[in-house]
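Single-structure report; data block below.
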Amino acid sequence: MTTPHRPADSAHPFDTALAFLGDRLRVGEPLGALCTYRVGGSAARFVVVQDESELNRIAEALAQAGAFVGEASQPELSVHVIGRGSNLLVADAGLPGLVLQLGEGFAEIEILDSQAPGSQESPQSKRGGSDQQGSNILRAGAMASLPVVARKSVAAALTGFEWAVGVPGSIGGAVRMNAGGHGADMAASLTGVHVLDLETGENRWVTTAALELGYRHSTITSTQIVLHAELHLASGDRLLGEQRLAEIVSWRREHQPGGHNAGSVFRNPPGDSAGRLIEAAKCRGLRVGTAEVSTKHSNFIQTDSAGSADDVLEVMAQVVAQVGNHSGVQLRAETVLLGFTDEQRSRVRWPNTTTPSLDDDSSEQAL
Ligand SMILES: Cc1cc2nc3c(=O)[nH]c(=O)nc-3n(C[C@H](O)[C@H](O)[C@H](O)COP(=O)(O)OP(=O)(O)OC[C@H]3O[C@@H](n4cnc5c(N)ncnc54)[C@H](O)[C@@H]3O)c2cc1C
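To get our numbering, take the position in the sequence shown, counting from 1, and add 78.
Set out below in structure tokens:
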């Protein structure tokens, strides 16, 4: 059920500061439609940002309106960025602050020819897009879709990003999460990202080393917005690339459920798989209301149409408890939770609780 924190038509602390957006500053925007779970409440205020200059203006206005500074005492002043919503669970109560989503102006994909002069911004592309024979730079906006980037890279006879064809997220979300699968991840090809810090207004190039990418981990904070990323890919064979894309797509169809879900719900503990532990704890098919553990892949939760985020959270909490009882392993959520209370989040151990048996820096696990 969608129950906004405040009536949709009442004034909001950001209304004056963001008045320049006109009707594009939406009121009570339902977020379920923007998330692959298709559940969750509304954002009190929401905008699809057109381009970088508009984003800079929004950042300035938010800083002046006291966003970030007063966030702890006034949840209305919170700001969240969402990508393609494929790793998100938004509470049914919704979000009292502002949600930003980058628009099509951030979805461009450019392959920088190795002979081209290169970008002005990154050390990698400054060298002409290539730092070794047969390697190339692909620049993608933060909202570019991973499957589209994967297919474009193959069409340009590049190799190394085929793994992303089955991950329905954006480049920005993938950098934040260090998304990966099939033995690779963002860290394998990323040279760096352009980031805007909403809190400080600072816009800078951040190298991959500074991002400290680990298993579903980066140093990107909640006030930092990835604007675009550069990938360093090797020259490959187009036909072999297309074959690899087809193999990955069919592997996904065979092993993962369709319908409404957000991919893997829990992180794999070192040396083990969350799916195996969930299955061993007899949670396959566990249902609460409108949500259930997939019978096809135990680390996925599926929601019914017109489902509820609270049901998803309850399934997650019961899985954590049952796996803990069965194997002693404390699963931790991979899915990003927005709008839930501390007590609710602690039940699924998100974002952070310390248990020595689990290690964020564990090596990448292929799905
Ligand atoms: C069917 C399915 C299969 C999946 N398979 C995989 C898989 O194999 N491997 C894997 O790693 N994941 C997988 N996922 C999860 C998900 O697709 C990835 O985590 C993806 O990278 C999330 O991107 P997004 O744009 O959807 O981010 P969102 O879900 O919208 O957001 C996730 C996080 O990223 C942040 N974020 C989003 N955009 C930006 C930005 N521009 N700047 C800064 N922060 C940002 C958000 O604030 C949030 O904290 C799967 C999901 C589904 C539904």
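Ideal Cβ placement from N, Cα and C applies to all residues, glycine included.
Using only alpha-carbon positions, find the residue among the options that is nearest to residue i.
i	options	result
A145	T269, V393, G175	G175
E182	L391, R331, V273, L305	L305
L109	G100, F124, D101, L96	F124
S300	L309, I160, I187, V284	I160
L173	V105, E149, G119	G119
R362	I379, T368, P348, D350	I379
V343	V414, R104, L364	V414
R217	A358, T419, L190, P347	L190
Excluding the five sequence neighbours on either side, which residues of its own chain have a C-beta within less than 6 angstroms of the C-beta of residue i, listed in chain order?
i	result
P246	S164
L355	V401, S405, V407
Identify the residues that DSSP records as bridge partners of residue i: which are they?
i	result
L96	The partner list for L96 (beta bridge, DSSP) is empty, contrary to what the question assumes.
S120	P108
F344	A411
Q302	D275
V168	L416
A218	I187, A307
T114	DSSP output for T114 lists no bridge partner at all.
Looking only at its own chain, which residues have a Cβ that is under 8 angstroms from the Cβ of residue i, when we skip the five neighbours before and after it?
i	result
F98	R135, A139
R229	V243, L323
Q302	V273, L274, D275, L276
Measure the Cβ-Cβ separation of residue i and residue j and say whether it is below 8 angstroms.
i	j	result
A287	I249	no
N214	L311	yes
L276	A307	no
V366	V397	no
V168	A387	yes
I187	V227	yes
R331	E412	no
Q179	L112	yes
Cβ of residue i within 7 angstroms of any heavy atom in ligand 1?
i	result
L166	yes
L180	yes
R316	no
N339	yes
H90	no
P429	no
H158	yes
P225	no
S248	yes
M394	no
I187	no
Can you name, in chain order, every residue of its own chain whose Cβ lies under 7 angstroms from the Cβ of residue i, other than the five neighbours on each side?
i	result
H90	A122, R123, E154
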